[in-house]
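Going by numbering that gives the first Met the number 0, the letters in the sequence shown line up with residues 0 to 237, in that order. Ideal Cβ positions, reconstructed from N, Cα and C, are used throughout, including at glycine. Nothing here was measured: the structure is a model prediction, and the numbers come from that model. Okay, so here's the structure we're looking at.
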Amino acid sequence: MVEHLAPRLAEIPGVVAVTLGGSRADGRAHLDADWDFGLYYRGTIDPADVRALGFDGEVFAPGEWGRVPNGGAWLSVDGAKVDLIYRDLDVVERWTRDAEAGRFAVFREVGYVAGVPSYVVAAELAIARVLVGSLPKPAFPEALRQNAPPWWRRISDGAIKFAVSHGRRGDAVACAGQIAVATIAEGHARFTEQGQWYLPEKDMLKRVGLGEVAAIMPDLARDSEGAIERVQAELSRR
């Protein structure tokens, strides 16, 4: 157990709260799962202060990972993999207010097939365990439940159309990419339609009943039109 790190992390200048997130927080962790600590800060975080903790690993500055991932560190602590994720509280509070009003943005980020929505920061607040400090735990907003599903389904429907076009030209890679976007976008739509906070994209498809799409993907190169029709049938089962 590495939860004892939390008080030390809270001593980093600028940090006002520390959370335990990811699968460790929601009870779905396997034995060798990483430990994900959220560092909620005001102003900024100096990477030198994180390095001063003395652990092996890589440390990044705020903003180096992107708009939503922000920045953080990949550390090794007592033989465990520990990820630190920076969270600018000013941004978190603004995007949480947007979510309450049914507004959100989706950003193209490394590791996210269909993009990552700004309301993920509110989902993290709702799912994570607060170890040090005080943070709100937002309920899923009704306005977001109304606005998000149709937005994601427009993305899904458009991606399917492009998948068909790429398949007819024999471009299996682009076809598969668009099917992946369509399927994951439908996953986003289902979670938000249910009014359920979630953290994309780990285990998303299985959790919303779309796991069978994976079995269809190998057939794309042989019969793209037939495979796409089968994917569409899976996406339409709600």
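With a beta-carbon spacing of about 4 Å, L130 and A5 fall inside the 8 Å limit used to define contacts.
In its chain, beyond the 5 residues on either side, W94, F103 and A104 have a beta carbon closer than 6 Å to the beta carbon of S117.
Approximately 14 Å separates the beta-carbon atoms of V58 and P68; this is outside 8 Å, ruling out the contact.
V119 sits in a helix when the DSSP states are folded into three classes. The Cβ neighbour count for H187, taken over all protein chains shown within 10 Å, is at least 16; the residue is labelled buried.
Contact between the segment 172 to 192 and the segment 82 to 102 is not established, with fewer than three Cβ pairs separated by less than 8 Å. With a cutoff of 8 Å on beta-carbon distance, E108 and G56 are scored as not near each other. Here A100 is exposed: its Cβ has fewer than 16 other Cβ atoms, across all protein chains shown, within 10 Å.
Boundaries for T191: no beta strand (DSSP E) harbours it, while the alpha helix (DSSP H) harbouring it runs A171 to E192, taken from the DSSP string.
Taking R152 as the centre and dropping the five residues before and after it, the same chain places the C-beta of A184, E185 and A188 closer than 8 Å to its C-beta, in chain order.
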